[in-house]
Amino acid sequence: MLQKKRIGFIGSGNMGEALVSGLVLSQATQPENIFCSDIDPELLAAIKDKYHVNVTQNNLEVIRQSDIVVYATKPQILGMVLKETAPALDDSKLIISIAAGVPLAAIAIGLQKKLRLIRAMPNICAFVKESATAIAAGEYVLENDVAEARAIFNSVGKTVFIHENVLMDAFTGLSGSGPAYIFTIVDAMADAGVKMGLSRKDALFLSSQTVLGSARMLLESKEHPGQLKDRVASPGGTAIAGIHTLEQGGLRTTLINAVESATKRSRELGELMVKDFIKINENESNGK
3 MLQKKRIGFI GSGNMGEALV SGLVLSQATQ PENIFCSDID PELLAAIKDK
53 YHVNVTQNNL EVIRQSDIVV YATKPQILGM VLKETAPALD DSKLIISIAA
103 GVPLAAIAIG LQKKLRLIRA MPNICAFVKE SATAIAAGEY VLENDVAEAR
153 AIFNSVGKTV FIHENVLMDA FTGLSGSGPA YIFTIVDAMA DAGVKMGLSR
203 KDALFLSSQT VLGSARMLLE SKEHPGQLKD RVASPGGTAI AGIHTLEQGG
253 LRTTLINAVE SATKRSRELG ELMVKDFIKI NENESNGK
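Structure follows, in structure tokens:
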């Protein structure tokens with residue numbers, strides 16, 4: 003699907019490079035069809051050497067060369083970058099933003115054009131090609147645009163299409179922030195293993211592998227997690243004793259509250275971004 007598409011990345015930091023790596027290593031497209039820009043010349047040189055893609059410090063050059071433009075900048079500078087690059091954009095190009103916390107409404111305000119806009123939210127697991135990525139489409143997006151966006155992010159994991167952009171906050175609370183919850187759980191399990199006499203190295207490996215295996219079993223078996231839990235927890239056994247302790251500690255409630263809190267914070271940050279983008283436009287209109 004992407005073989006004949008030229009894909010540009012505005013910003014080539016950690017997530018930008020993860021996507022370039024995924025596209026090249028999966029052979030979803032060829033290196034000569036990828037264009038990357040960044041303010042850091044050393045970073046660009048390293049990416050060019052590693053993946054043999056085209057690099058430049060000129061954002062407008064990337065846009066001119068690309069059919070699909072991926073904004074992979076930090077949220078704090080996205081407004082400025084959108085203003086710089088908007089004149090080079092038209093409806094012939096698919097525009098994708100992966101700036102965390104920036105809703106489609108803010109991007110549309112920043113560009114001030116009727117463009118084919120997609121918002122994508124990968125998570126940190128893109129670095130090991132196991133990201134869970136949510137994709138939301140703007141008003142003028144075509145069905146094929148969504149398919150192309152999913153093809154890009156499927157190169158670094160799995161994707162879901164969310165029909166309503168407002169649900170991206172829920173995704174952020176669950177899967178965007180979720181790896182941090184899992185890292186905390188793994189760290190705690192490793193501490194428990196050390197307390198029970200295992201070496202730190204063995205305890206960390208065992209807790210990490212246990213989470214990996216459990217996740218794979220859930221995905222491949224397609225059984226409800228409650229059913230799989232029951233297969234482990236035999237009557238009067240060790241697992242059910244441990245589960246009882248987890249329930250006493252409120253693990254289930256704590257995790258639900260964590261997702262809810264992260265979702266609310268994502269919503270708050272998105273609303274602030276919209277206000278900031280409106281203020282930027284008003285200042286420009288007033289010549290400030």
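Per the numbering used here, numbering through the sequence shown is continuous, rising by one, with the last residue being 290.
Note that CB positions come from ideal geometry on N, CA and C, so glycine has one too.
| Item | Value |
| --- | --- |
| How is Ser216 classed by DSSP in three states: helix, strand or coil? | helix |
| Just list the residues that DSSP pairs Met123 with in beta bridges. | Ala136 |
| What are the boundary residues of the beta strand (DSSP E) that includes Ile70? | 70 to 73 |
| Considering only the beta carbon of each residue, do Ile12 and Val72 sit closer than 8 Å? | yes |
| What does the alpha-carbon distance come out to for the pair Ile164 and Lys76? | 23 Å |
| List in chain order: all unbroken alpha helix (DSSP H) runs of 4+ residues lying wholly within the region 219 to 264. | 227 to 234, 240 to 250 |
| In the structure shown, what three-state DSSP assignment does Ser177 receive? | helix |
| When you compare the region 166 to 177 with the region 265 to 280, are there three or more beta-carbon pairs, one atom per stretch, that lie closer than 8 Å? | yes |
| How is the beta strand (DSSP E) around Thr58 delimited, first residue to last? | 56 to 58 |
| Considering only DSSP beta bridges, list what Leu96 is partnered with. | Ile70, Arg118 |
| Please report the straight-line C-alpha distance between Leu113 and Lys203, rounded to a whole angstrom. | 50 Å |
| Alpha carbon to alpha carbon, how far is Gln59 from Lys52? | 17 Å |
| If I follow the unbroken alpha helix (DSSP H) through Ile79, where does it start and stop? | 77 to 87 |
| Checking 8 Å against the spacing of the C-beta atoms, do Val188 and Val213 come in under that value? | yes |
| Does the structure place the region 149 to 161 close enough to the region 21 to 39 that three or more beta carbon pairs sit under 8 Å? | yes |
| If you check the beta carbons only, do Val55 and Pro33 fall under 8 Å apart? | yes |
| Look up Val162 in the DSSP assignment and say whether it is helix, strand or coil. | strand |
| For the beta strand (DSSP E) containing Phe37, name the first residue and the last one. | 36 to 39 |
| Quick check: the Cα distance between Ser39 and Ser68, rounded to an integer number of angstroms? | 12 Å |
| Could you please give me the residues that DSSP links to Gly10 through a beta bridge? | Phe37, Val71 |
| Whole angstroms is fine: what's the gap from Glu63's alpha carbon to Asn16's? | 21 Å |
| Return helix, strand or coil for Asp171, following the three-state DSSP convention. | helix |
| Pick helix, strand or coil for Thr186, following the three-state DSSP scheme. | helix |
| So, at 6 Å on beta carbons, what are the nonlocal neighbours of Leu25 in its own chain, with the 5 sequence-adjacent residues on each side left out? | Thr31, Ser157 |
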